[in-house]
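**Student:**
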Amino acid sequence: MLQSALAADAAAIRTCLEAQITGDLRLHAAMRHALFGGKALRGFLVMETARLHDVNPSRAVFPASGIEAMHAYSLVHDDLPCMDDDDLRRGQPTVHVKWDEGTAVLVGDALQSLAFEMAAHPDGAATPEARADLALTLARAAGKDGMVLGQALDIAAETAADPLTLDQIVALQDGKTGALFGWAASAGAVMARADSAPLLAYAQALGLAFQIQDDVIDQTGDVTAVGKAVGKDAAAGKATFVSLLGLQEAKRRASDLVDTACDSLSGYGKRAERLRDLARFVISRQS
1346 MLQSALAADA
1356 AAIRTCLEAQ
1366 ITGDLRLHAA
1376 MRHALFGGKA
1386 LRGFLVMETA
1396 RLHDVNPSRA
1406 VFPASGIEAM
1416 HAYSLVHDDL
1426 PCMDDDDLRR
1436 GQPTVHVKWD
1446 EGTAVLVGDA
1456 LQSLAFEMAA
1466 HPDGAATPEA
1476 RADLALTLAR
1486 AAGKDGMVLG
1496 QALDIAAETA
1506 ADPLTLDQIV
1516 ALQDGKTGAL
1526 FGWAASAGAV
1536 MARADSAPLL
1546 AYAQALGLAF
1556 QIQDDVIDQT
1566 GDVTAVGKAV
1576 GKDAAAGKAT
1586 FVSLLGLQEA
1596 KRRASDLVDT
1606 ACDSLSGYGK
1616 RAERLRDLAR
1626 FVISRQS
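With the sequence shown counted from 1, adding 1345 to any position gets you the working numbering.
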């Protein structure tokens, strides 16, 4: 049930984004390359929380597309030689490898702009106030106090005299991964002008569980299954949830976080079952 819903929402998001990127220049081809091929988990969170609040999916698909564009921008820039210097993403050459670094920078810039365009799109949230809130909160989640801050802390950790502590890694990942999860999970409530607090609590636990599983995969996965380089954190001597907690304790911590995420949805009853399924999926995935 979850997998079919993920696939259906990913297809709807792809259709929406393809309608926005119709050119045949190198820029447009590279944008499409960067956008498609993933699971669209963040977009699914937008779509599912919109359904939870009886928001029409034809409207929700616009902010859902926006968060996927924002996430894709972050990956394109994260893969650059000046950042993580990765050659593979989702089993395909990264944008700077397939084209060049200049194209990758421009693709990231264009995708970030597209993200805000979709969050504030007039065919998206029904009211100007909701569209403004989506754009404002996306800027905060993606910027200097959110995802970009998390990336800056990650870069600083590479040359720090001492490895990060567990609390510092949690703070880093709350920005780098958790901020966009939080925006996506609260988007449905924002569109409906409803209370987003339970969904933000869900997203905070979900985001940390997601990152712990990423660390597990980085240690135990193989490049073919994962679709990108593995073992880089260990090779660089970076502190991770696995290096600090050990593999089994990290898995246990992720499982506890999933329980916390699911408990935060108690007020929605059975209507939130797919969100609970998503939380369980996050720590079972292998890529």
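Every residue, glycine too, gets a C-beta built ideally from N, C-alpha and C. Fair warning: this is a prediction, and the values are worked out from it, not measured in the lab.
Can you give me the C-alpha to C-alpha distance between residue 1394 and residue 1618, rounded to a whole angstrom?
**Tutor:** Your numbering for residue 1394 matches position 49 in the sequence shown. Your numbering for residue 1618 matches position 273 in the sequence shown. So the two alpha carbons sit approximately 11 Å from each other.
**Student:** Beta-carbon separation of residue 1470 and residue 1404 under 8 Å?
**Tutor:** Taking the sequence shown and counting its residues from 1, one reaches residue 1470 at position 125. Taking the sequence shown and counting its residues from 1, one reaches residue 1404 at position 59. Yes, they are a contact pair.
**Student:** I'd like the list of long-range same chain contacts for residue 1508, defined as Cβ closer than 6 Å, with 5 residues on each side in sequence excluded.
**Tutor:** Indexing the sequence shown from 1 puts residue 1508 at position 163. Excluding positions up to five away in sequence, the list reads 1584.
**Student:** Residue 1379 and residue 1440 - do their beta-carbons sit closer together than 8 Å?
**Tutor:** By 1-based counting over the sequence shown, the position of residue 1440 is 95. By 1-based counting over the sequence shown, the position of residue 1379 is 34. Taking 8 Å as the Cβ cut-off, residue 1440 and residue 1379 qualify as a contacting pair.
**Student:** If you measure between the beta carbons of residue 1590 and residue 1598, is that distance less than 8 Å?
**Tutor:** Here the question's residue 1590 lines up with position 245 in the sequence shown. Here the question's residue 1598 lines up with position 253 in the sequence shown. Result yes, Cβ atoms of residue 1590 and residue 1598 sit closer than 8 Å.
**Student:** Quick one: grab the DSSP three-state call for residue 1556.
**Tutor:** In the sequence shown, residue 1556 corresponds to position 211, counting from 1. Residue 1556 falls in the helix class under three-state DSSP.
**Student:** Considering Cα atoms alone, identify which of 1517, 1559, 1504, 1458 is closest to residue 1494.
**Tutor:** For the purposes of this step, residue 1494 is identified with residue 149 of the sequence shown, where counting begins at 1. Taking only the C-alpha atoms, the option nearest residue 1494 is 1517.
**Student:** Considering Cα atoms alone, identify which of 1486, 1457, 1468, 1631 is closest to residue 1573.
**Tutor:** In the sequence shown, counting from the first residue as 1, residue 1573 sits at position 228. Minimum Cα distance to residue 1573 is reached at 1631.
**Student:** Would you give the residue range spanned by the alpha helix (DSSP H) that residue 1463 belongs to?
**Tutor:** Counted from its first residue, the sequence shown places residue 1463 at position 118. Where residue 1463 is concerned, the enclosing alpha helix (DSSP H) stretches over 1446–1464.
**Student:** Give me the Cβ distance between residue 1552 and residue 1526, rounded to the nearest whole Å; I'm assuming they're in contact under 8 Å.
**Tutor:** As a first step, residue 1552 is located in the sequence shown; it is residue number 207 there, counting from the start. As a first step, residue 1526 is located in the sequence shown; it is residue number 181 there, counting from the start. With 8 Å as the limit, residue 1552 and residue 1526 qualify as a contact, their Cβ atoms being about 4 Å apart.
**Student:** Quick check on DSSP: helix, strand or coil for residue 1630?
**Tutor:** Reading the sequence shown from its first residue, position 285 is the one you call residue 1630. In the structure shown, residue 1630 sits in coil (DSSP, three-state: anything other than H, G, I, E or B).
**Student:** List, from N- to C-terminal side, the alpha helix (DSSP H) runs of 4 residues or more that fit wholly inside the stretch 1516–1556.
**Tutor:** Segments of the alpha helix (DSSP H) lying fully in the stretch 1516–1556: 1524–1537.
**Student:** Taking the Cβ atom as the reference point for each residue, do residue 1603 and residue 1542 lie within a distance shorter than 8 Å?
**Tutor:** As a working note, residue 1603 is residue 258 in the sequence shown. As a working note, residue 1542 is residue 197 in the sequence shown. Their beta carbons are not under 8 Å apart, which means residue 1603 does not touch residue 1542 by this criterion.
**Student:** Considering only the alpha carbon of each residue, which of 1377, 1464, 1512, 1453 lies closest to residue 1392?
**Tutor:** Position 47 of the sequence shown, counting from 1, holds the residue named residue 1392. For residue 1392, the nearest C-alpha among the options comes from 1464.
**Student:** Check the C-beta distance from residue 1321 over to residue 1534 and give it rounded, since I have them as a contact under 8 Å.
**Tutor:** Look at the range of the chain in this structure, 1346 to 1632, and you will see that residue 1321 is not part of it.
**Student:** Should the stretch 1610–1624 be called in touch with the stretch 1561–1571, which here means at least 3 C-beta pairs below 8 Å?
**Tutor:** Segments in contact, no.
**Student:** Does the distance from the CB of residue 1365 to the CB of residue 1459 come in under 8 Å?
**Tutor:** Here residue 1365 corresponds to residue number 20 of the sequence shown, with the count starting at 1. Here residue 1459 corresponds to residue number 114 of the sequence shown, with the count starting at 1. It is a contact, given that the beta carbons lie within the stated cut-off.
**Student:** Go to residue 1428, then tell me how far its alpha helix (DSSP H) extends in each direction, as first and last residue.
**Tutor:** Locating residue 1428 in the sequence shown gives position 83, where the first residue counts as 1. Note, residue 1428: premise wrong, no alpha helix (DSSP H); not H, not E.
**Student:** Out of curiosity, what's the CA-to-CA distance linking residue 1523 and residue 1548?
**Tutor:** In the sequence shown, counting from the first residue as 1, residue 1523 sits at position 178. In the sequence shown, counting from the first residue as 1, residue 1548 sits at position 203. Cα to Cα, the separation comes out at about 7 Å.
**Student:** If you measure between the beta carbons of residue 1550 and residue 1606, is that distance less than 8 Å?
**Tutor:** Taking the first residue of the sequence shown as position 1, residue 1550 is located at position 205. Taking the first residue of the sequence shown as position 1, residue 1606 is located at position 261. The answer is yes: Cβ separation under 8 Å.
**Student:** Excluding the five sequence neighbours on either side, which residues of its own chain have a C-beta within less than 7 Å of the C-beta of residue 1546, listed in chain order?
**Tutor:** Reading the sequence shown from its first residue, position 201 is the one you call residue 1546. Around residue 1546: 1609.
**Student:** Hey, out of 1624, 1436, 1358, whose CA is closest to residue 1385's CA?
**Tutor:** Position 40 of the sequence shown, counted from the first residue, corresponds to residue 1385. Nearest option by C-alpha distance: 1358.
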